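Residue numbers for the sequence shown, in my numbering: 1 to 170.
Just so it is clear, CB atoms sit at the ideal spot from N, CA and C, and this is done for glycine as well.
In this text, all values refer to a predicted model and were calculated from it rather than measured experimentally.
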Amino acid sequence: MIEKPNPPQSPLVRGEAIPTDLEQRAPSPDKGRAGEGFAHEKFGEAAEGVSSRGSFISYNKNLRELARQNRKSPTSPEVKFWNKLLRNKSLSRYKFTRQKPLGNYIADFYCAELKLVIEIDGDSHSAQTEYDDIRTQHLNSLGIRVVRFTNAEILHNLDGVYLQLRELIG
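The following block contains the structure:
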């Protein structure tokens, strides 16, 4: 009979103390610290789209539902990229989110800690390069780097994509 390895124990079972003070816990870089960083101003009023109270990037609230729908019906290259490289902090332990609203756009994948957007471009993007350039310029103005890969790169050269990302993030 094959024994299953025991799952890792929680900090409480191991006898470690859990920080109770919010200042001791590391905040999500996407959300800010204990009340900081949340945009209280309307979208577009913050300088360059970044809240004056922290690093929260304002976004068009009307995009939330579309982003949710995009997460529910990803393309096959997005599924492969997410499952093989980004899910569960697989890429150097950085947390990425899928279909993240930023400003008036939805990024395919976003890491708040790195301020990095990863876009996977299908065939339709060859006809909209001007739109993609404007979008990239806007995200760059918010301090966000944008890197793009094609569907073919994801489907046929995932190792090469991985090496490029590792080099990019250091």
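If you follow the beta strand (DSSP E) that residue i is in, where does it begin and where does it stop?
i, result
"glutamine 164", "Unbroken run through glutamine 164 is the alpha helix (DSSP H), 158-169; no beta strand (DSSP E)."
"lysine 95", "Unbroken run through lysine 95: none, as it is neither H nor E."
"isoleucine 106", "105-111"
"phenylalanine 149", "145-150"
Could you check what DSSP says for residue i in three-state terms: helix, strand or coil?
i, result
"glutamate 119", "strand"
"arginine 87", "helix"
"lysine 61", "helix"
"leucine 114", "coil"
"isoleucine 154", "helix"
For the alpha helix (DSSP H) containing residue i, list its first residue and its last residue.
i, result
"leucine 66", "64-72"
"leucine 139", "129-141"
"phenylalanine 81", "76-81"
Spatial neighbours of residue i within its chain, please: CB distance less than 6 Å, with the 5 preceding and 5 following residues excluded, ordered by chain position.
i, result
"aspartate 133", "none"
Using a Cβ-Cβ cut-off of 8 Å (strictly less than) and excluding sequence neighbours within five positions of residue i, which residues of its own chain qualify?
i, result
"aspartate 108", "Glu78, Arg98, Gln99, Val117, Ile118, Glu119, Ile120"
Hey, would you say residue i sits closer than 8 Å to residue j, going by beta carbons?
i, j, result
"leucine 102", "isoleucine 144", "yes"
"serine 92", "isoleucine 169", "yes"
"asparagine 140", "valine 146", "yes"
Keeping to the same chain, check which residues put their C-beta closer than 7 Å to that of residue i; ignore five residues upstream and five downstream.
i, result
"tyrosine 162", "Leu85"
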